[in-house]
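Trainee:
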Amino acid sequence: MTNEEKIIRHDTLEILRQRIGGSFGSADGIFAGHPSDEERAKEFRKLAFDKGITLIEIREITLGYLYKKNYVAEHIKEQIDKVTIYFAKKIS
Numbered sequence: 198m199t200n201e202e203k204i205i206r207h208d209t210l211e212i213l214r215q216r217i218g219g220s221f222g223s224a225d226g227i228f229a230g231h232p233s234d235e236e237r238a239k240e241f242r243k244l245a246f247d248k249g250i251t252l253i254e255i256r257e258i259t260l261g262y263l264y265k266k267n268y269v270a271e272h273i274k275e276q277i278d279k280v281t282i283y284f285a286k287k288i289s
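If you count by this note's numbering, then the sequence shown holds residues 198 to 289, one letter each, in order.
Put into structure tokens, the structure is as follows:
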């Protein structure tokens, strides 16, 4: 991996970290439960696929987001499972 590829990958991960919350309902914290949330999730999935981001990285970003929002463990697990299924359609 070249330095330029590393920078692009890093920048993509930062974008995902900053914006992943847009694919969750603001009131309920449900992943892609609303049409606008799902549209953003599609954009993020495409970005992750195009830039070679792994499913493990997506799961870690999602876990960090949900944890910072102080959701209970059961809710976090349910949403991580949904994210995994959703993103696994395109990335591994």
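Think of the CB as a built atom: it goes at the ideal place given N, C-alpha and C, for glycine as much as any other residue.
Being a predicted model, the structure only gives us computed values, none of them experimental.
Alpha helix (DSSP H) containing ASN200: first to last residue?
Mentor: As a first step, residue 200 must be located in the sequence shown, where it is residue number 3. Here the alpha helix (DSSP H) through ASN200 covers 200–216.
Trainee: Thinking C-beta only, is ILE258 closer than 7 Å to PHE284?
Mentor: Taking the sequence shown and counting its residues from 1, the one referred to as residue 284 is at position 87. Taking the sequence shown and counting its residues from 1, the one referred to as residue 258 is at position 61. Contact: no.
Trainee: Return yes when the Cβ of ARG237 is within less than 7 Å of the Cβ of GLY219, no when it is not.
Mentor: Residue 219 sits at position 22 when you count from the first residue of the sequence shown. Residue 237 sits at position 40 when you count from the first residue of the sequence shown. Yes.
Trainee: Could you tell me which residues DSSP pairs with PHE241 in its beta bridges?
Mentor: As a working note, residue 241 is residue 44 in the sequence shown. In the DSSP output, where bridge partners are listed per residue, PHE241 has none listed.
Trainee: If we cut at 7 Å on Cβ distances, does LYS265 have a partner in chain B?
Mentor: In the structure shown, chain B does not exist; there is a single protein chain.
Trainee: Identify which residue in LEU263, GLU202, ALA224 and THR251 has its Cα closest to the Cα of ILE217.
Mentor: Within the sequence shown, the letter at position 20 stands for residue 217. It is LEU263.
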